[in-house]
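Shown next, in structure tokens, is the structure this report addresses.
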Amino acid sequence: MNTLFEAPWLADLTTELPPNVRLQRLIGGLRAHFCCGAVALLRLEEEHLRPVVVDGLVSESLGRRFAVHQHPRLAALLARGEVTCFDHDSTLPDPYDGLLDALVGEPLPVHDCMGVALRIDGRPWGVLTLDALQTGTFDAAARAALAHCAVHVEAAIRMTRLEQENQALSRAGSPYAGDATDEPALRAALDEGEILGQSEALTRLLHEMKLVATSDLPVLLLGETGVGKELFARLLHRHSPRRHKPLVHVNCAALPESLAESELFGHRRGAFSGAVTDRPGRFEAADGGTLFLDEIGDMPLALQARLLRVLSEREVLPVGATRPVPVNIR
668 MNTLFEAPWL ADLTTELPPN VRLQRLIGGL RAHFCCGAVA LLRLEEEHLR
718 PVVVDGLVSE SLGRRFAVHQ HPRLAALLAR GEVTCFDHDS TLPDPYDGLL
768 DALVGEPLPV HDCMGVALRI DGRPWGVLTL DALQTGTFDA AARAALAHCA
818 VHVEAAIRMT RLEQENQALS RAGSPYAGDA TDEPALRAAL DEGEILGQSE
868 ALTRLLHEMK LVATSDLPVL LLGETGVGKE LFARLLHRHS PRRHKPLVHV
918 NCAALPESLA ESELFGHRRG AFSGAVTDRP GRFEAADGGT LFLDEIGDMP
968 LALQARLLRV LSEREVLPVG ATRPVPVNIR
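Okay, so the sequence shown: first residue is 668 according to the working numbering, each after it adds one.
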């Protein structure tokens, strides 16, 4: 590792950058500094941890919500409040199984993990986690370095929050900003900071998105790859009555055809070779919340037909199951 205080990403703390860019560069810098396979910044929302920025994990991980009580490693980080390392022989399950970029859909091999809880203004904010595929990566020096890094990450989060507050105050004068005294709307605005721009067309689009968000109808987002459909899906979710439930992101183009049905609808134990336990699919994971099906046109036609039935009937049939499971999703 390079000397911690010579790390170039520390300069970003004093540089004017879009909030999401600052955090992404910070997390990417941490991954390079610690020579690890993945780094994730997760925010605590009631009893769940939501990935905010990741590096080394698949993009679908940003749509996950990790229930703290179901993931003992994450629960341990929050409970201890200090740098905690899970050695390669730890028996606690890893929350990122199947989510590493280098091993998509595969169980994680024996590896090292460490993390630390983050606090803002004296209150729990979330956790920072690091995973290294090479055992022995996180020695005593690495653990001490992470304790120092956590201070800088907390500073970046505070700076991001201040910038978002300033942006929200600037938008208060817009004819599309709504009632600036509406506390829930203001809190939602403070969490945005992802869609940047002040053109009349974009302002009008954001206003229309917030209007349709209050309904429970399915929404079709059209646009070329890379225009930011995922950002608008998050906006819809944040302004919907389902905002306190999960937003699950599925990249349909990245789903292997042989695993797509199981990934979407889940499977039962013994349904196929390797199915040693019941596993809920993405539809069940999004129950009560929002499911964002990205690049749906790249999904096999046969699966698209079944998907249409699921969306109309609001129930899924896991692989190997005999009875459908009702789901409440948008």
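Built from N, CA and C at the ideal position, the CB exists for glycine as well.
Practice task
Output the boundary residues of the beta strand (DSSP E) element that contains valine 719.
Solution key: 715-722
Handout entry: Proximity of glycine 723 and aspartate 768 at Cβ, strictly below 8 Å
Key = In terms of Cβ geometry, glycine 723 and aspartate 768 form a close pair [threshold 8 Å].
Problem - Pairwise C-alpha distance: leucine 745 and arginine 786 - result: 10 Å
Exercise for the section: Under 8 Å Cβ to Cβ from valine 721, same chain only, skipping five residues before and after it: list those, please. Expected result: Ile694, Ala705, Val706, Ala707, Leu708, Ser728 and Leu729
Handout entry: Cut-off 6 Å between Cβ atoms - residues of its own chain near leucine 902, not counting five sequence neighbours on either side
Key = Met876
Practice task
Look up phenylalanine 753 in the DSSP assignment and say whether it is helix, strand or coil.
Solution key: strand
Handout entry: Residue ranges of each alpha helix (DSSP H) within the stretch 910-966, 4 or longer
Key = 924-932 and 949-952
Problem - Same chain, Cβ closer than 7 Å to proline 913, neighbours up to 5 away in sequence not counted - result: For proline 913, where only same-chain residues beyond five positions count, the Cβ hits under 7 Å are Arg732, Ala952, Ala953 and Gly956.
Practice task
Note down, in chain order, each residue of its chain lying with its Cβ closer than 6 Å to the Cβ of arginine 710, except the 5 sequence neighbours on either side.
Solution key: Non-local beta-carbon contacts of arginine 710 in its own chain, meaning distances under 6 Å to residues more than five positions away in sequence, involve Arg717, Val719 and Gly793 in chain order.
Problem - Three-pair Cβ contact test at 8 Å for the stretch 918-934 versus the stretch 958-971 - result: yes
Handout entry: Simplified DSSP state of glutamate 982, which is helix, strand or coil
Key = strand
Handout entry: Proximity to alanine 1026 [Cα-Cα], best of Thr751, Glu712 and Phe753
Key = What the structure shows of the chain is the stretch from 668 to 997, and residue 1026 is not part of that stretch, so it cannot be assessed.
Problem - Nearest-angstrom Cα separation, counted from leucine 887 out to proline 739 - result: Distance between the alpha carbons of proline 739 and leucine 887 is about 37 Å.
Handout entry: Assigned secondary structure, proline 739 (DSSP; H/G/I helix, E/B strand, else coil)
Key = helix
Exercise for the section: Give the single residue among Val983, Asn918, Val820 and Val994 whose Cα lies nearest to the Cα of leucine 665. Expected result: Any answer about residue 665 is impossible in this case: the structure gives the chain only from 668 up to 997.
Problem - Endpoints, alpha helix (DSSP H) assigned at glutamate 875 - result: 867-880
Practice task
Could you work out which residue in Gln801, Met781 and Arg828 is closest to alanine 807 when comparing CA atoms only?
Solution key: Met781
Practice task
Return yes when the Cβ of glutamate 980 is within less than 8 Å of the Cβ of valine 992, no when it is not.
Solution key: no
Exercise for the section: State the Cα-Cα distance for the pair alanine 699 and leucine 878, rounded to the nearest angstrom. Expected result: Taking the straight line from one Cα to the other gives about 42 Å.
Problem - Inter-residue Cα distance where the pair is aspartate 858 and methionine 826 - result: With a pLDDT of 47 at aspartate 858, under the threshold of 50, the predicted position of this residue should be treated as unreliable, and no value is reported.
Problem - Distance, arginine 692 Cα to glutamate 830 Cα - result: CA-to-CA, the gap between glutamate 830 and arginine 692 works out to about 17 Å.
Problem - Of the residues Gln737, Arg973 and Leu960, the one placed nearest arginine 666, counting alpha carbons only - result: The first residue shown for the chain is 668 and the last is 997, placing residue 666 beyond what the model contains.
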